[in-house]
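Here's the structure, in structure tokens; my notes come after.
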Amino acid sequence: MYLRFAPSPNGRLHLGHAFSALENARIADELGATLLLRMEDIDTARCTPKFERAILDELAWLGVTWTPPLQRQSERFGAYREAIESLQRMGVIYPCFATRADIASAIDAQPGGGTAWPRDPDGAPIYPGLHKGMPEDEAAARIAAGEPHNLRLDMAAALRRVGCDRVSWSESGAGPDSETGIIQASPAIWGDAVLIRKDTPASYHLSCVVDDGFQEITDIVRGHDLFHATALHRLLQTLLDLPEPRYHHHRLIPDQDGRKLSKSSGSTGLAELRAAGKTAQDVRAILGY
Ligand code: GLU
Numbered sequence: 003m004y005l006r007f008a009p010s011p012n013g014r015l016h017l018g019h020a021f022s023a024l025e026n027a028r029i030a031d032e033l034g035a036t037l038l039l040r041m042e043d044i045d046t047a048r049c050t051p052k053f054e055r056a057i058l059d060e061l062a063w064l065g066v067t068w069t070p071p072l073q074r075q076s077e078r079f080g081a082y083r084e085a086i087e088s089l090q091r092m093g094v095i096y097p098c099f100a101t102r103a104d105i106a107s108a109i110d111a112q113p114g115g116g117t118a119w120p121r122d123p124d125g126a127p128i129y130p131g132l133h134k135g136m137p138e139d140e141a142a143a144r145i146a147a148g149e150p151h152n153l154r155l156d157m158a159a160a161l162r163r164v165g166c167d168r169v170s171w172s173e174s175g176a177g178p179d180s181e182t183g184i185i186q187a188s189p190a191i192w193g194d195a196v197l198i199r200k201d202t203p204a205s206y207h208l209s210c211v212v213d214d215g216f217q218e219i220t221d222i223v224r225g226h227d228l229f230h231a232t233a234l235h236r237l238l239q240t241l242l243d244l245p246e247p248r249y250h251h252h253r254l255i256p257d258q259d260g261r262k263l264s265k266s267s268g269s270t271g272l273a274e275l276r277a278a279g280k281t282a283q284d285v286r287a288i289l290g291y
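Spelled out as structure tokens, the structure:
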């Protein structure tokens, strides 16, 4: 059995990351499983070796041990490309040349100025289908001419292919519609999600699913902010014929004002806490460990 802690080295760790790492270590221990570490560094512009070193140092300070080798997503672009090619062969993916501004104006042009336009769980407007159904030769010519584009999942085609408009997973953490047990959810809440961005070789959703399969992760322990992403991940796992992991979405650690912590959450950063004289034991105690 394998678990993974999967930080993005685009900033320093804060109390929320520390809690997630400690939850992973605790559950791995309870299950007699192995904890792996994965750097989610597909965004090579924002992720740096300096932040990676800081994360390794802070995990060691906190006393979270993991089993090598360290996996980096920046070294796995070929695997994401293969997954995309296989989705392409299934006909569940299409190129989209629209910019954010094109999408925003298509939505503004809707009745009511787009105020009632549906949004995905991250708050982004559901893709209005601007370039869906573009003739293949036109798309191929635009790609050949070097026009920047995303690759999007054709949600309707993907759901047809799996033969069901809902997915399910086993959840041992907290969920909005069930305390524990099996969660049933609709991936369609994401619309035609972007799987490859213009500027990065994969989206979080695609690289996460491909790597969880590659690392044979059996138990995914992560923050509740990713609960809804799991519907999309289960759909991609089904399409790509990857094994189904169990999920545990844990509570989030809020800042002093009750808001979600961000990379720049000053006083809750592990580096800041260390500089203020807090020990790893103090930090564990703040988090209930
Ligand atoms: N890289 C993600 C983050 O730092 C975690 C992804 C996951 O655990 O699936 O929030």
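With positions in the sequence shown counted from 1, the corresponding number in this note's numbering is that position plus 2. Glycine included, each C-beta is placed from N, C-alpha and C at the ideal position.
- Assigned with DSSP and collapsed to three states, residue 198 falls in strand.
- Around residue 44, the same chain offers 75, 202, 204 and 209 as residues with beta carbons nearer than 6 angstroms, after the five sequence neighbours per side are excluded.
- Runs of the alpha helix (DSSP H) lying entirely within the region 50 to 95 and spanning at least 4 residues, in chain order: 51 to 64 and 79 to 92.
- Taking the Cβ of residue 173 as the reference point, every heavy atom of the ligand GLU lies at 8 angstroms or farther away.
- Between residue 154 and residue 134, the C-beta gap is smaller than 9 angstroms, which places the two residues in contact.
- Residue burial annotation: residue 112 is exposed, with fewer than 16 other C-beta atoms found within 10 angstroms of its C-beta.
- Here residue 223 really is in contact with residue 29; their C-beta atoms are around 5 angstroms apart, less than 8 angstroms.
- Contact between residue 21 and residue 289 holds, with the beta-carbon distance rounding to 5 angstroms and staying under 8 angstroms.
- Within its own chain, no residue has a Cβ closer than 7 angstroms to the Cβ of residue 58 once the five positions on either side in sequence are excluded.
- One Cα belongs to residue 190, the other to residue 233, and the distance between them is close to 9 angstroms.
- Runs of the beta strand (DSSP E) lying entirely within the region 118 to 187 and spanning at least 3 residues, in chain order: 152 to 155, 169 to 173 and 183 to 187.
- The closest heavy atom of the ligand GLU lies less than 8 angstroms from the beta carbon of residue 222.
- Under the DSSP definition of a beta bridge, residue 39 partners with 7.
- Distances from the alpha-carbon of residue 25 to those of 48, 66, 46 and 52 put 66 closest.
- Boundaries of the alpha helix (DSSP H) around residue 207: 206 to 216.
- Boundaries of the alpha helix (DSSP H) harbouring residue 235: 231 to 241, taken from the DSSP string.
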